[in-house]
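**Student:** Residue numbers -25 to -1, 1 to 216, in mature numbering (1 follows the signal peptide of the UniProt record, and there is no 0), belong to the letters of the sequence shown in order.
Glycine residues also receive a C-beta, built at the ideal position from the N, C-alpha and C atoms.
Nothing here was measured: the structure is a model prediction, and the numbers come from that model.
Handing you this structure, nothing more for now.
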Amino acid sequence: MKHTVKVRLLVALCAGLAGSPLAFADGKPAELTVSAKQYKQYFKDASNEFNVPVELLQSIAYAETRWHPHVPKGRLKKNGDPEVEVESHHGMPISYGIMGLRNDAHFGQSLVQGAALLRVTPEQAASDTRTNIRAAAALLAQHGARKNKAFPIEDWEGAVARYSGIPQPEIAQIYSYEVLTAIRQGRRSDKFEIDQKHVEMEKAYGKDKLKKLSARRITVETGTPDPKISAPDFLDTPNKK
């Protein structure tokens, strides 16, 4: 039962990551809101400071919060930013800030770890959007093991999977796949923008795993400490000798 609950939490974290490819109304891009423009500058600054791809920061923020900073219920700052009050729901722990940093037993302590890298308090990393983005960038740089923003996006897959806090590698790849796909396709509305960039998806996942991740339906095992994913519409074939 414990493992089943944990798998449900992992699936819930991945739910809602997929979005529509880059699309413009009447062929013209929507004007970004004042807040979104400010966030884009924060992403750019953090990218330069920690030498990580700006597209990764944009896409992770999209996957986690759609660029709407999360604040714990009862602490809404009312400062004009498009913040969202969050609380634990059906056992799903809350996340913090625009980058969805974590501080729980299920997905880890990325909030505390990111704050430590910046030498700020967890409260600062949770409540200040610029600091929240910098903490996420610092974590990605650490997870990237000496990679920098000159490296191809697909080389960052492992760092993105680790950032998710999902301990099961197969499930963490669902998360990283959606983050990388958003970059490959591009995303845009008046509230967020992910710069479109080429990503070698097969290099990141391998041919067979990519077929599963890109399938129309994905099944996740329950009741096991190391759940696996499968795609009902994709049949594994044995390697030919």
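Quick check: what's the CA-CA separation for Arg121 versus Asp130?
**Tutor:** Arg121 and Asp130: Cα-Cα distance of roughly 11 Å.
**Student:** Does Ile146 come out as helix, strand or coil in the three-state DSSP assignment?
**Tutor:** Helix.
**Student:** Using 8 Å as the threshold, is the C-beta distance between Trp42 and Tyr71 below it?
**Tutor:** No, the pair does not count as a contact, with Cβ atoms beyond the cut-off.
**Student:** Does the Cβ of Val46 have 16 or more other Cβ atoms within 10 Å, making it buried, or fewer, making it exposed?
**Tutor:** Counting Cβ neighbours within 10 Å, Val46 comes out buried, since at least 16 surround it.
**Student:** Out of Ile73, Leu93, Pro97, point me to the one whose CA is closest to Asp79's CA.
**Tutor:** With distances taken between Cα atoms, Asp79 lies closest to Pro97.
**Student:** Quick check: the Cα distance between Glu175 and Phe25, rounded to an integer number of angstroms?
**Tutor:** Straight-line Cα distance between these residues: approximately 23 Å.
**Student:** Helix or strand or just coil, what does DSSP make of Ala(-3)?
**Tutor:** Residue placement at Ala(-3) is flagged as unreliable, the pLDDT there being 48, under the threshold of 50; the coordinate-derived value follows with that caveat. The answer is coil: DSSP assigns Ala(-3) none of H, G, I, E or B.
**Student:** Alpha carbon to alpha carbon, what distance is there between Val29 and Leu155?
**Tutor:** Straight-line Cα distance between these residues: approximately 12 Å.
**Student:** What is the rounded straight-line gap between the Cα of Gly81 and the Cα of Thr40?
**Tutor:** According to the sequence shown, residue 81 is His rather than Gly. Going by the C-alpha atoms only, they are around 19 Å apart.
**Student:** So for Ile204, helix, strand or coil by DSSP?
**Tutor:** Here Ile204 sits in strand by DSSP.
**Student:** What does a CB cutoff of less than 6 Å around Ser151 pick up in its chain, not counting 5 residues either side in sequence?
**Tutor:** Closer than 6 Å at Cβ, skipping near neighbours: Glu132, Val135, Ala136.
**Student:** Pick out the complete alpha helix (DSSP H) segments inside the segment 5 to 45, 4 residues or longer, and give them in chain order.
**Tutor:** Taking only runs of at least 4 residues, the alpha helix (DSSP H) segments lying wholly in the segment 5 to 45 are 9 to 25, 29 to 40.
**Student:** Please name the residue or residues paired with Thr79 in a DSSP beta bridge.
**Tutor:** The amino acid at residue 79 is misidentified as Thr; the sequence shows Asp. Beta-bridge pairing links Asp79 to Gly83.
**Student:** Pull the bridge partners of Arg163 from the DSSP assignment, please.
**Tutor:** Looking at the DSSP assignment, Arg163 forms a beta bridge with Glu168.
**Student:** Terminal residues of the continuous alpha helix (DSSP H) containing Ala134?
**Tutor:** It spans 132 to 138 - the alpha helix (DSSP H) in which Ala134 sits, taken as one unbroken run.
**Student:** Arg77: buried (16+ other C-beta within 10 angstroms of its C-beta) or exposed?
**Tutor:** When all chains shown are included, Arg77 counts as buried.
**Student:** Comparing alpha-carbon positions, which option in Ile169, Ala125, Ala116 lies nearest Ala11?
**Tutor:** For Ala11, the nearest C-alpha among the options comes from Ile169.
**Student:** Residues in its own chain within less than 7 Å of Ala113 by CB, not counting five upstream and five downstream?
**Tutor:** Around Ala113: Phe25, Gly89, Leu92, Leu93.
**Student:** So, with DSSP's three-state summary, where would you put Thr194?
**Tutor:** Residue state, collapsed to three classes: strand.
**Student:** Less than 8 Å between the C-beta atoms of Ile108 and Lys172, yes or no?
**Tutor:** No.
**Student:** By how many angstroms is the C-alpha of Ile158 removed from the C-alpha of Lys178?
**Tutor:** Those two C-alpha atoms are separated by around 15 Å.
**Student:** Could you give the residue range of the alpha helix (DSSP H) that holds residue 217?
**Tutor:** The chain is shown only over -25 to 216; residue 217 falls outside these bounds and no answer can be derived.
**Student:** With distance defined between alpha-carbon atoms, name the residue in Ile204, Pro200, Thr199, Glu196 nearest to Ser189.
**Tutor:** Residue Ile204 is the option with its Cα nearest to Ser189.
**Student:** List the whole-angstrom C-beta distance separating residue 217 from Arg191, where the pair is believed to meet the contact cut-off of C-beta under 8 Å.
**Tutor:** The structure shown does not extend to residue 217, since the chain is modelled only from -25 through 216, so no value can be given for it.
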